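Written out below as structure tokens is the structure these notes cover.
Protein chains in written order, with the working numbering: chain A, 1236 to 1453; chain B, 2 to 216.
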């Protein structure tokens, strides 16, 4: 084993890690918003919408992310939608994550007692205010740990988007090992970077959640 | 250019799907066996043994499966073993599965009341007998739903072995797509085949969960 190449590669690894972080930040924000809309639609929407959301969740949860990614990146252009790799990766990651978090958010909404809605309505709040100000914050507090796990899982899964030439951490690793002929050492170092990132991300989310949503979040 | 009919595509995909099924089964069985060993370490009385198992699980759950597969594929030849994509795929997925299964079953062991161990001890059973006759059967029984759920995840994860060159469903579909230039159809069919494999298991896991909740 030899790690002499590492000093010249630090910049590439850092650049790749930054792209991975960008991907997961965008996915987390877009995926959370989408899953709140999806979960609300699944509870209160018209029957057709409910069914559409339920099927969407089943299809995404029962097919591999890699296939979804290829379908979006290679398949959509034949319908006239051409996406650059980064956008395709963000879209695929968001759509995949939403399928899991719709279920999680839905469970959180179910966990808020009905009396909360009744009380808020009795106080004269409009239905939308009731959802945004009363029900949603309580639901998010309940599901926050599950949401955190899902975000970390998605970050690890994002390694796959290297396959459509998004220049994130795994892609940089592929390039490095082709240059240095030190495949094992390269992937070993990059695996450690991923490990540090997933532990750091988890800690950050737990601390941030505790501050934003109040105590009780572990 | 050779013309591919829909049937040609479907037939080739289905033939490749056999490898996906075989790989999933091999990794599930292998992961179950290694997972049992990890479980023994994870619930042992020795503190260092428990720490070692926790570290093992955290390592596999905290790194991308794709990296684990690369390390297998490029690492084993350094140990002097000649490695083929199939070996790297089975070994990589086996270790990956062992960490998840050990953690799932550990939650089952933890969920059992302390009295089960005490009752076993008072009947004169020694540690291994307690595990074999009392603890593990109950732990497996209450974690059946997440175990089946993980099998679905494992089947989907086999798609990644296409990247290290194992000829399964996704790798075959890439080749077919390169010949037919019909990505929408080809990847749509691949998704459909995966769905047909995974959806019944998902439903089964859900039924098990509901049965458990009803008790």
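Virtual Cβ for every residue (Gly too), placed ideally from N, Cα, C.
In this text, all values refer to a predicted model and were calculated from it rather than measured experimentally.
{"Item": "Contact set between residue 1290 of chain A and chain B, taken where Cβ atoms lie within less than 9 Å", "Value": "Near residue 1290 of chain A there are no residues of chain B at all, since even the closest Cβ is about 11 Å away, more than 9 Å."}
{"Item": "Inter-residue spacing [alpha-carbon to alpha-carbon] between residue 1269 of chain A and residue 97 of chain B", "Value": "30 Å"}
{"Item": "Cutoff 7 Å; reference residue 1428 of chain A; Cβ partners in own chain excluding five residues on either side", "Value": "1248, 1252 and 1404"}
{"Item": "Residue range of the unbroken alpha helix (DSSP H) whose run includes residue 56 of chain B", "Value": "48-62"}
{"Item": "Residue 1340 of chain A classed as buried or exposed, judged by whether at least 16 other C-beta atoms fall within 10 angstroms", "Value": "buried"}
{"Item": "Residue range of the alpha helix (DSSP H) that includes residue 1240 of chain A", "Value": "Careful: residue 1240 of chain A lies outside any alpha helix (DSSP H) and carries neither H nor E."}
{"Item": "Contact with chain C by residue 72 of chain B, beta-carbon distance below 9 Å", "Value": "The structure shown has no chain C; the protein chains it does contain are A and B."}
{"Item": "Runs of alpha helix (DSSP H) lying entirely within the stretch 1369-1410 of chain A, each at least 4 residues, in chain order", "Value": "1371-1392"}
{"Item": "Own chain, CB closer than 6 Å to residue 1369 of chain A, minus 5 neighbours either side, in chain order", "Value": "1351 and 1355"}
{"Item": "Straight-line Cα distance separating residue 145 of chain B from residue 95 of chain B", "Value": "19 Å"}
{"Item": "Top-ranked residue by Cα proximity to residue 1323 of chain A, from A:1300, A:1443, A:1267 and A:1344", "Value": "A:1300"}
{"Item": "Under 7 Å by beta carbon: chain A residues contacting residue 11 of chain B", "Value": "The contacting residues do not exist; residue 11 of chain B stays about 16 Å from chain A at best."}
{"Item": "DSSP state of residue 167 of chain B mapped onto helix, strand, coil", "Value": "coil"}
{"Item": "Neighbourhood of residue 199 of chain B by C-beta, 6 Å cutoff - its chain only, sequence neighbours within 5 removed", "Value": "153 and 156"}
{"Item": "Residue 128 of chain B burial status per 10 Å Cβ neighbour count (16 or more: buried)", "Value": "exposed"}
{"Item": "Collapsed DSSP secondary structure at residue 1449 of chain A in the structure displayed", "Value": "coil"}
{"Item": "For residue 1379 of chain A, the nearest candidate out of A:1279, A:1418, A:1438 and A:1281 (CA to CA)", "Value": "A:1438"}
{"Item": "Whether residue 195 of chain B touches residue 160 of chain B by CB criterion (9 Å)", "Value": "yes"}
{"Item": "Residue 1436 of chain A, DSSP secondary structure in three states", "Value": "helix"}
{"Item": "Beta-carbon gap between residue 1304 of chain A and residue 1399 of chain A smaller than 9 Å", "Value": "yes"}
{"Item": "Three-state class that DSSP yields for residue 1236 of chain A in the structure shown", "Value": "coil"}
{"Item": "Proximity of residue 1236 of chain A and residue 79 of chain B at Cβ, strictly below 9 Å", "Value": "yes"}
{"Item": "Every unbroken alpha helix (DSSP H) within the stretch 78-125 of chain B, with a cutoff of 4 residues, ordered by chain", "Value": "86-112 and 115-123"}
{"Item": "Among A:1407, A:1288, A:1296 and A:1239, nearest to residue 1385 of chain A - alpha-carbon criterion", "Value": "A:1296"}
{"Item": "Cβ contact check for the stretch 117-133 of chain B and the stretch 55-62 of chain B: 3 or more pairs under 8 Å", "Value": "no"}
{"Item": "Buried or exposed (CB count within 10 angstroms, at least 16 for buried), residue 172 of chain B", "Value": "buried"}
{"Item": "Option in A:1328, A:1422 and A:1413 with minimal Cα separation from residue 1262 of chain A", "Value": "A:1328"}
{"Item": "Neighbour-count burial assignment, residue 1407 of chain A, 16 or more Cβ in a 10 Å radius", "Value": "buried"}
{"Item": "Interface positions of the stretch 177-193 of chain B facing chain A (Cβ-Cβ less than 9 Å), listed along the chain", "Value": "178, 182, 183, 184, 185, 186, 187, 188, 189, 191, 192 and 193"}
{"Item": "Nearest-angstrom Cβ-Cβ length linking residue 162 of chain B and residue 90 of chain B, presumed shorter than 8 Å", "Value": "4 Å"}
{"Item": "is_contact[residue 1297 of chain A, chain B] using C-beta, thresh 9 Å", "Value": "yes"}
{"Item": "Chain-ordered chain A contacts of residue 171 of chain B [CB-CB under 9 Å]", "Value": "1299, 1301, 1302 and 1305"}
{"Item": "Segment contact, 8 Å Cβ cut-off, at least three pairs: the stretch 109-123 of chain B with the stretch 132-139 of chain B", "Value": "yes"}
{"Item": "Completely contained alpha helix (DSSP H) runs for the stretch 128-174 of chain B, where each covers 4 or more residues", "Value": "128-131, 137-143 and 145-158"}
{"Item": "Among A:1275, A:1265, A:1411 and A:1256, the one whose alpha carbon lies nearest that of residue 1367 of chain A", "Value": "A:1275"}
{"Item": "Test: residue 1315 of chain A CB closer than 9 Å to a CB of chain B", "Value": "no"}
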